[in-house]
Amino acid sequence: MFDSKVEKLLNEQLIMEIYSANFYLSMSAWFRNKSLDGYANWFYVQYKEEIDHALIFYNFILNAGGQVKLGAIKSPSSEFEGVGDILTKSFEHEKFVTSLIYEINEAALKVKDYKTVQFLDWFIKEQVEEEDRASTNINRFNLFGADPKGLHSLDEEAAARTYAQTPQLALYEPAVV
Ligand SMILES: [Fe+2]
Numbered sequence: 665m666f667d668s669k670v671e672k673l674l675n676e677q678l679i680m681e682i683y684s685a686n687f688y689l690s691m692s693a694w695f696r697n698k699s700l701d702g703y704a705n706w707f708y709v710q711y712k713e714e715i716d717h718a719l720i721f722y723n724f725i726l727n728a729g730g731q732v733k734l735g736a737i738k739s740p741s742s743e744f745e746g747v748g749d750i751l752t753k754s755f756e757h758e759k760f761v762t763s764l765i766y767e768i769n770e771a772a773l774k775v776k777d778y779k780t781v782q783f784l785d786w787f788i789k790e791q792v793e794e795e796d797r798a799s800t801n802i803n804r805f806n807l808f809g810a811d812p813k814g815l816h817s818l819d820e821e822a823a824a825r826t827y828a829q830t831p832q833l834a835l836y837e838p839a840v841v
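Mapping of the sequence shown onto the working numbering: position 160 corresponds to residue 824, and the numbering continues sequentially without gaps.
Next comes the structure, spelled out in structure tokens:
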């Protein structure tokens, strides 16, 4: 069972994770159109990870006796000014997501909802990684991206990113009968 505010925030975060997925998929599509297939791959993997995050929230809410309420998911932008613009927007988005996770954590602490505090622990660590990955992308683009050869090798590096299901998801998904 949940305090109503915590339950509301968890549901909002579930929706936000789906929005994040769509935002990154939109970025991936932009890169595909520009034939930057490595970056397209990087953001496609990011999309899949965000879907995992959404499913982790979904399962946690249900496992803990809460109600899932899926609301409207706002449309992500598909207009971007360039590679640097996308990388900056993804970093800004991750910082925003971190602030939302902290907000849920504070609400949970206030009502001594320690199961939610413990649940969020992984997301707090994950956000450190997300922000680090996003800011590294910006730094490397700023260093090498202005030169076509440099951009080509950044794109090749991004092509190497692979998706593996977020291990945390298996902890919350119901066992398959
Ligand atoms: Fe996420």
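All C-beta atoms in this analysis are idealised placements derived from N, C-alpha and C, irrespective of residue type, glycine included.
Cβ-Cβ distances below 6 Å link residue 837 to 723 in the same chain, with the five nearest sequence neighbours on each side left out; the list follows chain order.
For residue 740, there is no enclosing alpha helix (DSSP H), as DSSP gives it neither H nor E. About 6 Å separates the beta carbons of residue 674 and residue 768, which is inside the 8 Å limit, making them a contact pair. Taking 7 Å as the cut-off, one finds at least one heavy atom of ligand 1 near enough to the beta carbon of residue 714. The criterion of a C-beta distance shorter than 8 Å is not satisfied by residue 788 and residue 737.
Relative to residue 760, the option among 830, 794 and 696 whose CA is nearest is 794. Cβ contact annotation for residue 690 (same chain, cutoff 8 Å, sequence separation greater than five): 740, 741 and 742, in chain order. In this structure, the alpha-carbon of residue 758 lies about 11 Å from that of residue 765. In this model, residue 773 and residue 821 are separated by some 41 Å (Cα to Cα).
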